[in-house]
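Below is one structure, written out as structure tokens; the observations come after it.
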Amino acid sequence: MAKAVIKKLLAKPEVLTLVREICQAVRLPVCICDCEGTMLFGDPYGDQFFSRTISINSEDNVIGTVKGGEDCTIVASTLQYMVNAEFERTALGRETLEKYREISMLCDLGAKIGSCMDKKEVIKIITGEIRTMLTADIIAVLLCDDNDAIIEIISDDGSDGDLLITSLEPGELVENFLVTAAPEIVNDLTADSRCTGSPQIFSSMMCAPLKIQEKTVGYVCVGSLDKREYPARDLKLLTTLSDQTAVALEKALLYNRLKETFFAMVRTLAETIEKRDPYTGNHTKRVVDYSLAIAEGLELPEEYFLRLELAAALHDIGKLGVRDDVLLKNGPLTNEEFVQMKRHPTYGEEILKHIKHLKDVIPGVKFHHERCDGKGYPLGLKGDAIDITARIIAVADSFDAMTTDRPYRKALSLDVAFNELIKFSGTQFDSAVVKAFLSAQVQEKLGMRAHGRSNTDA
Ligand SMILES: [Fe+2]
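Positions in the sequence shown are counted from 1; adding 40 to them yields our numbering.
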């Protein structure tokens, strides 16, 4: 490319005209050749007059020559000036293009992580972008606790992040990063006295801090198995990406705190009703557990689980609106009292409709006493017209009510309760839901079911 610059310049009419005018001014033949001696301009028969040869250079390389008399220096100087300007223009163009790509990448990245509220997802996106921009064998994000101790390492391949640390520990390099909180390039880890880890897995690395409100919460590290000379430009890019990661992580952190506060509020609401009705101790928790087990058995899409869990936790929240003498009555209810009690799903809807984030939860609460045959309440809905979360809660709620002691009767045995569900499958209960529940109970007995699905346990 550099070799062709003189030829490219002389192809421009304005340059050719200028060179011709200078040649006429010095009134001596001048010859311009490329680095291989091919003549690009001049008089091939003027050799007899040529007393000087002047090189045209690009950095340390000769890319052409100007031959002529003593005055040919003016042609050579002009050409050299134009060559320098051409290279500067090209370099500037490249730099502008790189900047454009960088800004464009950062804008795309901002859009991608702007709506991402999951810490691991944010890190996955960022490390993926770093992989496309920088040469690295491993990219890892190290997260620290309040005492600057590394608590989590997430790498872009999801598995080998700790290799990076294994490579450095027990050296002082990582400690140094944590103390100085400054971006750094270490091109030769083996020669760095702070790095005493043995054996060295990585030869070169770069590190940039993740700072949230001046506090260093971690590092983004890039490691290379082969020795590399990372340029300052790469570290600057890594630092910019780290800054963006920190902003996204802060947002995800705030969102998670808000979510936790929200779940705490839901738990408090659920506990409120349990406190009013002491006979139902832990009923809510069991209904949540049964409901989630059924949903797993039915293989419901992921988005159903959270709203099912919240609906199951709050299914009887409407009982807050039922009079104490009805709710806590130690015996069978009269018709009027039963009418009162049957209003609790509607009261539940009235309580929850004021909370925007619980709108999706309302069907599960409002319809958990509907029956598949249309003989339930409050609306007498049938079959699939009843929201699936409500059909699930109906089975979970009824089973728990049957298998726990109540003021007016003793708990039924598990086998009797299972038979009741089977007996009313297809009439009171959704048969697929009953089947999933029975299957989940068998798996539970055999210790086959995975636990810990709850989102609100956070
Ligand atoms: Fe209920």
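Each residue gets a CB set at the ideal place from its N, CA and C atoms; glycine is no exception.
Under a Cβ-count criterion, where at least 16 other Cβ atoms within 10 Å of its own Cβ denotes burial, should residue i be classed as buried or exposed?
i: Val482; result: exposed
i: Phe378; result: exposed
i: Pro341; result: exposed
i: Ile72; result: buried
i: Lys107; result: buried
i: Ile191; result: exposed
i: Gly77; result: exposed
i: Tyr448; result: exposed
i: Glu349; result: buried
i: Leu132; result: exposed
i: Tyr140; result: exposed
i: Ala304; result: exposed
i: Cys112; result: buried
i: Gly258; result: buried
i: Ser195; result: buried
i: Pro372; result: exposed
Excluding sequence positions up to five away, which residues of its chain have a Cβ less than 6 Å from the Cβ of residue i?
i: Pro210; result: Low confidence applies here, because Pro210 scores a pLDDT of 43, under 50, leaving its location unreliable; read the following figure in that light. Taken in chain order, the list of residues that qualify is empty.
i: Leu49; result: Val55, Met122
i: Ile165; result: Lys152, Ile153
What residue does the beta strand (DSSP E) around residue i start on, and which one ends it?
i: Tyr259; result: 255-264
i: Leu80; result: 79-82
i: Met246; result: 244-252
i: Ala180; result: 178-184
i: Ile153; result: Element bounds for Ile153: not the beta strand (DSSP E) but the alpha helix (DSSP H), 113-154.
i: Glu224; result: 224-226
Using DSSP's beta-bridge definition, name the partner residues of residue i.
i: Asp74; result: Gly104
i: Asn97; result: Val102
i: Phe469; result: Ser465
i: Arg92; result: Gly108
i: Ser195; result: Ala180
i: Arg446; result: Arg449
i: Ile190; result: Cys184
Is the Cβ-Cβ distance between residue i and residue j less than 8 Å?
i: Ile179; j: Val287; result: no
i: Ile153; j: Val162; result: yes
i: Ser282; j: Ile433; result: no
i: Val401; j: Leu354; result: yes
i: Pro403; j: Ala436; result: no
i: Leu309; j: Ile241; result: no
i: Cys75; j: Gly104; result: yes
i: Met157; j: Tyr295; result: yes
i: Val306; j: Ala351; result: no
i: Gly150; j: Gln284; result: yes
i: Pro271; j: Ala248; result: no
i: Cys412; j: Thr467; result: yes
i: Glu311; j: Ile252; result: no
i: Phe302; j: His397; result: yes
i: Ser264; j: Ala176; result: yes
i: Ala292; j: Lys159; result: yes
i: Thr256; j: Ala221; result: yes
i: Phe407; j: Leu392; result: no
i: Val66; j: Ile114; result: yes
Could you pull the start and end residues of the alpha helix (DSSP H) that residue i belongs to?
i: Ile46; result: 45-50
i: Ala304; result: 272-316
i: Glu376; result: 375-381
i: Gly337; result: 323-338
i: Met157; result: Segment: none, Met157 is in no alpha helix (DSSP H) and carries neither H nor E.
i: Arg394; result: A quick correction: the sequence has His, not Arg, at residue 394. Element bounds for His394: n/a, residue is neither H nor E.
i: Phe407; result: First-last for Phe407: undefined, no H or E at that position.
i: Pro53; result: 53-66
i: Val35; result: Since the first residue of the chain shown is 41 and the last is 498, residue 35 is not available in this structure.
i: Arg347; result: 342-353
Closer than 8 Å by C-beta to residue i: which residues in its own chain qualify, once you throw out the five before and the five after it? Chain order, please.
i: Val465; result: In the sequence under discussion, the amino acid at residue 465 is Ser, which differs from the Val named in the question. So the list reads Ser471, Val474, Lys475, once near-sequence residues are dropped.
i: Leu367; result: Arg316, Asp317, Lys359, Met381
i: Met79; result: Cys71, Ile72, Cys73
i: Arg383; result: Gly358, Gly361, Val362, Pro418
i: Lys267; result: Asn227, Asp228, Ser243, Ser244
i: Ala457; result: Phe439, Met442, Thr443
i: Glu110; result: Ser91, Arg92
i: Ser479; result: Gly337
i: Gln120; result: Ile96, Asn97
i: Ala51; result: none
i: Glu126; result: Val45, Lys48, Leu49
In chain order, what residues of the same chain have a beta carbon less than 7 Å from the beta carbon of residue i, not counting five sequence neighbours either side?
i: Pro69; result: Gly82, Asp83, Gly86, Phe89, Gly108
i: Leu454; result: Thr443
i: Phe469; result: Cys412, Ala434, Val435, Leu461
Are any of the Cβ atoms in chain D nearer than 8 Å to that of residue i?
i: Val435; result: This model lacks chain D altogether, as it is built from one protein chain only.
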